[in-house]
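Visitor: Have a look at this one.
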Amino acid sequence: MKRILVPTDFSNCAKAAEDFALDIAQKAGAEIHFLHMLLTPVDWGKLSVENEKMYPETKAKIAQSKIQLRNLRKKAEDRGLTAQEFLVYELEREGIYRHTEENQCDFLVMGSHGTKGLKKLLGSNTQRVVRNSTSPVLVVRDRPQNFEVKNIVFAANFEERVLPAFLKVCDFAGIMQAKIHLLYVNVPYNFRETDKVENEMNAFIKKCSGNDFSANIFNALNEERGILKFAKGVGADMIAVTAQGKKGFMKIMSPSITESLINNSNLPVLSVNPTQ
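In structure tokens:
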């Protein structure tokens, strides 16, 4: 992990994500980027200084946003981190993709207020950012009591194509010095035999040395319910899932499951695209 992107709307929930990102950056020795997206009535980048006076409210919002970004950068620098601030005049998800690609950001941390939080934070297409991002996305809904991550639940079907996502979770767990609880949720409409799933889990574990693991199969009526109940039972600090798929555990992980976890879990959710 070299560069963390933190899109922010300066809300209380975004502050929780900012603080979490700072903690991760310190542990990883990573640079951190703070990005604020602001919709303006005109193309502000091409507007002359004289014409800016025609939009006093927008000009005031921009000035305030710059102050808040500067404060975030200083907060990071006070903790010994390298930080940069960015203000872009758009709300579409392409701004996130573009910044991630142009600046080679390999990890994103975002806040969420729950069901409506993602839309409030970054515009109506934010859940697509979570689903399609080429970099892992950590979504923080509530401010944790502390920022220690000691137990991560990684829920998947453990097919071979999930392995790249698992290795990214292993890297993150190594940075946080956390234990990974591999989880397969056995559901009535896609029941699998224990020995086959255990063999697949063990094959994954062999690919990732240096981490502490447990392998678990949990029976539940549906995947989301199983993940949440298991996470509570082991005292998880974070849930990690893959971000793509169309048929639940029969494929990888349904986008609706990932988004439901983000909306309904109080735990931070790490979403990883298995194809990257």
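Residue numbers (this note's numbering): 365 to 640. We treat Cβ as the ideally placed atom computed from N, Cα and C, and that holds for glycine.
#1: What does the alpha-carbon distance come out to for the pair Lys514 and Gly574?
#2: With respect to the alpha helix (DSSP H) encompassing Asp535, which residues constitute its N-terminal and C-terminal limits?
#3: Report the rounded CA-to-CA distance for Arg589 versus Arg525, giving the unit in angstroms.
#4: Quick one: what does DSSP say Gly475 is sitting in, helix, strand or coil?
#5: Which residues share a DSSP beta bridge with Asp576?
#6: Relative to the C-alpha of Glu512, which residue among Phe374, Glu421, Gly599, Phe568 is closest?
#7: Quick one: residues in its chain with C-beta nearer than 8 Å to the C-beta of Gly481, no 5 flanking neighbours on either side, listed in chain order?
#8: Just to check my reading of the structure: Lys593 and Ala584 have Cβ atoms closer than 8 Å, yes? What is that Cβ distance to the nearest angstrom?
#9: Grab the span of the alpha helix (DSSP H) containing Phe594 for me, first residue to last.
#10: Give me the Cα-Cα distance between Pro528 and Cys534, rounded to the nearest whole angstrom.
#11: Report the rounded CA-to-CA distance for Arg495 versus Glu441, giving the unit in angstroms.
#12: Need the endpoints of the beta strand (DSSP E) that Pro371 sits in, please.
#13: For the putative contact between Ala537 and Ile516, defined by C-beta atoms under 8 Å, what is the C-beta separation to the nearest angstrom?
#14: State the Cα-Cα distance for the pair Leu634 and Arg434, rounded to the nearest angstrom.
#15: Give the DSSP bridge partners of Thr352, in chain order.
#16: Going by Cα to Cα distance, which pick from Val561, Ala385, Val549, Lys430 is closest to Phe582?
#17: With 16 as the cutoff for other CB atoms within 10 Å, does Thr558 come out buried or exposed?
#18: Enumerate in chain order the residues of its own chain whose CB-to-CB distance from Lys532 is below 8 Å, with the five nearest sequence positions on each side excluded.
#19: Quick check on this structure: which residue in Lys543, Ala520, Asn563, Asn554 has the alpha carbon closest to the alpha carbon of Ile591?
#20: Do you know offhand how far Lys543's Cα is from Phe398's?
Guide: Here's the rundown:
#1: 15 Å
#2: 527 to 540
#3: 24 Å
#4: strand
#5: Lys543
#6: If we check each option's Cα against that of Glu512, Gly599 comes out closest.
#7: Low local confidence applies: a pLDDT of 48 at Gly481 is under 50, so the model's placement there is unreliable, and no value is given.
#8: Here Lys593 really is in contact with Ala584; their C-beta atoms are around 6 Å apart, less than 8 Å.
#9: 587 to 597
#10: 10 Å
#11: Using only the alpha carbons, I get a separation of about 31 Å.
#12: 367 to 371
#13: 6 Å
#14: 27 Å
#15: Residue 352 cannot be examined here, being either before or after the span of the chain that is shown, 365 to 640.
#16: Val549
#17: exposed
#18: Closer than 8 Å at Cβ, skipping near neighbours: Pro500, Val636.
#19: Ala520
#20: CA-to-CA, the gap between Lys543 and Phe398 works out to about 29 Å.
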